[in-house]
Structures are given as structure tokens and as C-alpha cells.
Ligand SMILES: *[C@@H]1O[C@H](CO)[C@@H](O)[C@H](O)[C@H]1NC(C)=O
Ligand SMILES: *[C@@H]1O[C@H](CO)[C@@H](O)[C@H](O)[C@H]1NC(C)=O
Ligand SMILES: *[C@@H]1O[C@H](CO)[C@@H](O)[C@H](O)[C@H]1NC(C)=O
Ligand SMILES: *[C@@H]1O[C@H](CO)[C@@H](O)[C@H](O)[C@H]1NC(C)=O
Ligand SMILES: *[C@@H]1O[C@H](CO)[C@@H](O)[C@H](O)[C@H]1NC(C)=O
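Numbering (the numbering used here), first residue to last: 12 to 596.
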């Protein structure tokens, strides 16, 4: 137990407040065991990485650093040669095959001295807030990118001519699309040249989900029911539900955030809860009711907890959307934390699109007036069902756009933004629970094992500059390795994967790191190779190889499910591997 509890190489973690917090959690779990919980304890889930690699031992690692700091936004398209990176006061176009190559292009874009002075006069921090932090960097059309920066507390946006990599026009007003500060929760998507953003833009304003075009621009509603309650946004995604729809359904945009809860639960009450909200892409707002407001906004709660220990991971820190073979197979991977701020702990839960959709088809919540508690609405629900998209059936009835929806329906939407059913994780519990680690961002990919099964492989960045590579096996995560990316602890601000480039890109305040998706040569014996349970790696008979590079898979040895068998007849490598197993598990 000791082994899985204390990080082996970071004695600093055992000091002070963190140590106390860890002890407290340990005591909690011991008490729980003593109280006789017979099933899987959180300690089973609290996985230790099998291998630890310090930054000095990283192989194939490439770095990009410059005079700029606070790298956070990254853009890499499937067939693109370039990785675009936004930092503080600059945007870079890096060679995606090798980000350390000297061919990097840049656009310097810092706020003027005058603007910075204005920012300081507003009482903002001259060390963090009074700079131009690039918060949005995405494709606009086939020739241009679009970016927004906080611009010393006066956001601006600009187009980038991709080929020349220069700003193609004077920056334009960004207040309605970009937050004012570098740390404010924010998410943005550009779809068909329309910009969808969600944030608490200005310090004084309410959080809002907006679309700037086509006219009319749409927003969320604040009265009589406030649709968003101090929401802190972490992500958004388009799901093309029109593609495999039999009833002419619309595409949807999902938004992920943590907000102040308004519902009272019978068993416990929490001040904040994790949410998913969605809107229909074709929404045009209402005619009289909900004019210039979404007519399709619905939200519900995402739960990620270990109820038997009363651990409720209510803070959604990051989301990764895993697109499946069809839109219906979409999975949402979330990194969650506890509300208790001074305790380090993370949980990973995944949710299936179909269960999210199910919640949106279920009962609504209602509050009689702003002061009273929310409870499930049991009255009559008007037709067509409030909050649904315009479908073939509605078009046949002459309702071909949201402005033709009846007032009665829109009035219901206005007062019932919250669904009653919460969404449980697809696995009914976290895939992973870890004390002493705060994950900040993640990305995932699917790798086919030698056994022909499809495995989800996750790359999770920590607040101290480490990257954990893990594989989901039967509803649990096995951490294959932990890699120290930065010598000085600093938070990972973004993680991006490219299977084409077989690379994972990780950004932080000081720079960007590019690593190969796997490093199978690290394992020098057959046992070492299969104990790793890395779907990328298999024993060829002579060495541990990357399965992607092998045309003939049938002779490869791999045991992702158990990390145990296959090497019996290979005749060597036993000693060293058993030693490894004892040390690490
Ligand atoms: C920006 O980077 C500096 C130094 O690397 C760090 O101290 C600061 O917290 C970062 N600010 C933000 C907003 O990330
Ligand atoms: C990017 O780097 C790769 C590998 O170093 C190199 O072959 C390629 O020519 C570079 N591309 C550009 C556009 O510089
Ligand atoms: C910020 O302001 C402080 C005090 O006003 C000053 O000493 C410091 O040099 C300023 N820092 C920057 C980065 O401008
Ligand atoms: C893309 O958008 C930019 C900025 O609005 C515009 O100047 C450019 O002509 C557009 N490109 C195409 C191919 O439409
Ligand atoms: C909706 O239907 C009306 C009348 O049938 C038509 O005039 C209008 O162009 C249609 N609007 C859309 C967005 O399809």
C-alpha cells in the first residue's frame, strides 16, 4: 500500500500541507476499510505508474522555446505540416514533424505600452493580466486562421493569412468573443465561419454561450431563469448527429463546464457541479419569446464519484471528445477534481453520447421562483418537445426554423434549462482515481492491439509538468509510464495528439514539448515488453517493437489484458523483469 501511495522520487511531496492532506485521505480510506466496505476500494483505482522517466532520460523528445511565455493554444490539422501555437504576445507556426526545427515562423502581437498602462490603472496584475494572451487560434476558412487575445484586458481578434503567416488586417473588437483575462474559463469553436464561444467574458458580466453569426447573434438567457450560474467553461465539441439520423436531426454543439449548483439533492448538497449543455447548430432563436436567444439550450449534470467513500468529483477540469466510427459512438473523457482546493486528487470518468442524449430526452427540473429549490417538473410538456432541434417531422408540419416554434414551447424552454436525470459515467465509476496528482489536460487515441481489440490510450498532463500515458482495460486505467517533461514543476496547459506525426504535443508556461506516442525500445526483454501493457508495444522475438511499424502482426507477443503471459518460451529476460515487477507494483 505504501508503494502505491507515496510517489517514489518526489520527496518534496511528502512535506507540509500536501503530506497532511494525503495522510487525511489515507486515514479516511483506512476507516472506510475498517468499516467493512467489501468491494473494490479506491486504493485499487489509485494506480501507480509502472515506469518513471525523468526529463534527462526522455528519448526522441523535441522542444520549442522562445522569448515568449504562457504557451496554451495549439492547432494541428490532420494533413497539415504545421503546428500552430499561441502564447503570450506571440503566435508560432512550427514544423509539426519536428517542432525544434529552425524553420519556425512567428507573429509578434503584444499590447501597446499605453494599453498595458490602462490595464494597470484598472487594478489588474501587471505580471499576468496586462499582456496579450492568445486564447483562441483556429481555422476560419481555407486560407485564413482566426485568433483572439486578451490584449491587456481589452480583447481583440485578428485574421491570419496562413500561407504568409502574417496578420492580414487590423485587429478587430474581441470583447464579445474572448475573455479579458488569461485564466478565465473559456472555450471556442469556429464552424462554417461562425464563432461559438462560452465564457464569463468580463469580470462583471454573466457567463454566456454565444454565436456571433449568422444574424441574429444568439446568447443564453438570464431572466426569469438564469441558464448559467457562475459557469467555468473547459471545452466544447461539435457532434454531427445529422449524419446518421433517421429523422432529419440537426448537428449539436456540446459545452462542458463547472457551475454553482441550483438543485438540492436529497443525500448531499454541493456548491458546484459538473455540467454538459447542448445547443442545435441550426438554431436561429425565437420569434417573440427568446428572440436572439437559443431555443435549444438544455443542460444536465455529469457525475463522477466514489459514493461509498463520499468522494464527489464535482470540478470538471478538462474534457476530451473521442469521436467514434459514427457520431453516435462519441465518448466524452473528463478530468475531475474535488471541490476541496488544497487536496490534490484527480478522477477520470468517461460518458457516452447516448446517455447524455437520454438525459436530454428525460424529465425537466423546475423552480417556482428564483428563491425556491429546484425539483422535477411533473406537469404537462408542450409539443413539439421543448429544447429539441428542428427535425424532419417538424419541417413537415411547417416548422422549418426555430423562429416558427410556438410561443408556449419557447416559454417552457426559457424556464426549464436544467434536466432532472444526471449522467453517470459509462463505466458507472471512475476509470482512475489518483491522490497526490492534479491532472490538468488530456488527449486520447485508439490503438489496435495484437489481439485485434481496440484500446483507448490516454495521455494526461499534470500540474507539475509530467505526462502519464495510460490504457483503459475493462473499465480501469493502467498507467504505463510517467514522464517528466519539465525539470521545474509547471502546469501542463494543453495536450494534443497526432497519429499522422506519431507525436504527442504538450504545452506549458515555458514551452512546447513533442514526444513520440510510444517508446518501445525502452523495454529490453520480452517480459519487460509485455508487462508494460502498452498497446503500441509488442515483442518481436528479438526486441520490443512499435506494432504500428510492423506489417506482420501474427508473430508478435503482447498481453495487454493481463500483462503476464507470452514470454514463457522465449527463454531469457526473466530475472530483470521480475525485479521490475516487484519494484513497481
Ligand atoms: C505565465 O508564465 C509565467 C512564467 O512562466 C507564470 O508565472 C504565470 O503564472 C503564467 N501565467 C499564466 C496566466 O499562465
Ligand atoms: C520539417 O521537418 C522535417 C524533419 O526534420 C523536414 O524533413 C521537413 O522538410 C521540414 N518541413 C519544413 C516545411 O520545413
Ligand atoms: C509591476 O508593478 C510593480 C510595482 O508597481 C513594478 O515594481 C514591476 O516592475 C512591474 N512589473 C512589470 C513586469 O511591469
Ligand atoms: C477567408 O477569410 C478572409 C477574412 O475574412 C478573407 O479575406 C478571405 O478572402 C477568405 N478566403 C476565402 C477563400 O474565402
Ligand atoms: C421555411 O419555410 C418557408 C415557407 O414554407 C420558406 O419560405 C422559408 O424559406 C423556409 N426557411 C428555411 C430556413 O428553410
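Note that the Cβ used here is the ideal one computed from N, Cα and C, for glycine as well.
Own chain, CB closer than 6 Å to residue i, minus 5 neighbours either side, in chain order
i: residue 508; result: 454, 456 and 515
i: residue 366; result: 434
i: residue 438; result: 486
i: residue 209; result: 198, 220, 244 and 266
i: residue 185; result: 159, 166, 167 and 168
i: residue 115; result: 103 and 105
i: residue 290; result: 264, 305, 307 and 308
i: residue 345; result: 327, 330 and 360
Distance between residue j and residue i (C-alpha atoms, nearest Å)
i: residue 259; j: residue 559; result: 39 Å
i: residue 172; j: residue 518; result: 24 Å
i: residue 471; j: residue 506; result: 8 Å
i: residue 162; j: residue 98; result: 12 Å
i: residue 278; j: residue 271; result: Because residue 278 sits at a pLDDT of 49, beneath the cut-off of 50, its placement in the model cannot be relied upon, and the following sentence gives the value as read from the coordinates. Computed Cα separation, rounded: 17 Å.
i: residue 579; j: residue 537; result: 9 Å
i: residue 202; j: residue 147; result: 14 Å
i: residue 81; j: residue 502; result: 10 Å
i: residue 238; j: residue 573; result: 47 Å
i: residue 152; j: residue 123; result: 29 Å
i: residue 399; j: residue 325; result: 27 Å
i: residue 394; j: residue 420; result: 7 Å
i: residue 321; j: residue 268; result: 22 Å
i: residue 284; j: residue 313; result: 8 Å
i: residue 107; j: residue 91; result: 8 Å
i: residue 118; j: residue 179; result: 11 Å
i: residue 581; j: residue 552; result: 7 Å
i: residue 379; j: residue 387; result: 11 Å
i: residue 447; j: residue 489; result: 17 Å
i: residue 564; j: residue 113; result: 38 Å
i: residue 69; j: residue 531; result: 12 Å
i: residue 436; j: residue 329; result: 15 Å
i: residue 410; j: residue 500; result: 56 Å
i: residue 445; j: residue 473; result: 11 Å
i: residue 64; j: residue 495; result: 6 Å
i: residue 396; j: residue 240; result: 24 Å
Residue i beta carbon near ligand 1 (any heavy atom closer than 7 Å)
i: residue 500; result: no
i: residue 166; result: no
i: residue 194; result: yes
i: residue 562; result: no
i: residue 223; result: no
i: residue 520; result: yes
i: residue 524; result: no
i: residue 80; result: yes
8 Å CB neighbourhood of residue i in its chain, flanking five on each side removed
i: residue 154; result: 172, 173 and 174
i: residue 567; result: 461, 549, 550, 551, 556, 558 and 561
i: residue 205; result: 222, 223, 224 and 225
Residues that residue i bridges to, as DSSP identifies them
i: residue 320; result: According to DSSP, residue 320 bridges with nothing at all.
i: residue 527; result: 514
i: residue 493; result: 63 and 479
i: residue 548; result: 557
i: residue 199; result: 208
i: residue 264; result: 249 and 290
i: residue 534; result: DSSP, once it has assigned bridges, lists no residue as partnering residue 534.
i: residue 390; result: Partner(s): none; residue 390 has no beta bridge.
Any non-hydrogen atom of ligand 4 within 7 Å of residue i CB
i: residue 152; result: yes
i: residue 155; result: yes
i: residue 212; result: no
i: residue 170; result: yes
Residues of its chain near residue i, where Cβ-Cβ distance is below 7 Å and the 5 sequence neighbours each way are ignored
i: residue 254; result: 338
i: residue 546; result: 458, 460, 466, 468, 482 and 571
i: residue 402; result: 258, 259 and 260
i: residue 425; result: 232, 236, 300 and 301
i: residue 100; result: 79, 119, 120, 121, 142 and 143
i: residue 316; result: 322, 323 and 324
heavy atom of ligand 3 below 7 Å from residue i C-beta
i: residue 411; result: no
| task | Output the residues surrounding ligand 2, defined as those with a CB atom closer than 5 Å to any ligand heavy atom, in chain order. | result | 106, 108, 109, 112 and 114
| request: Give every residue whose Cβ lies closer than 6 Å to any heavy atom of ligand 3, listed in chain order. | output: 137 and 138
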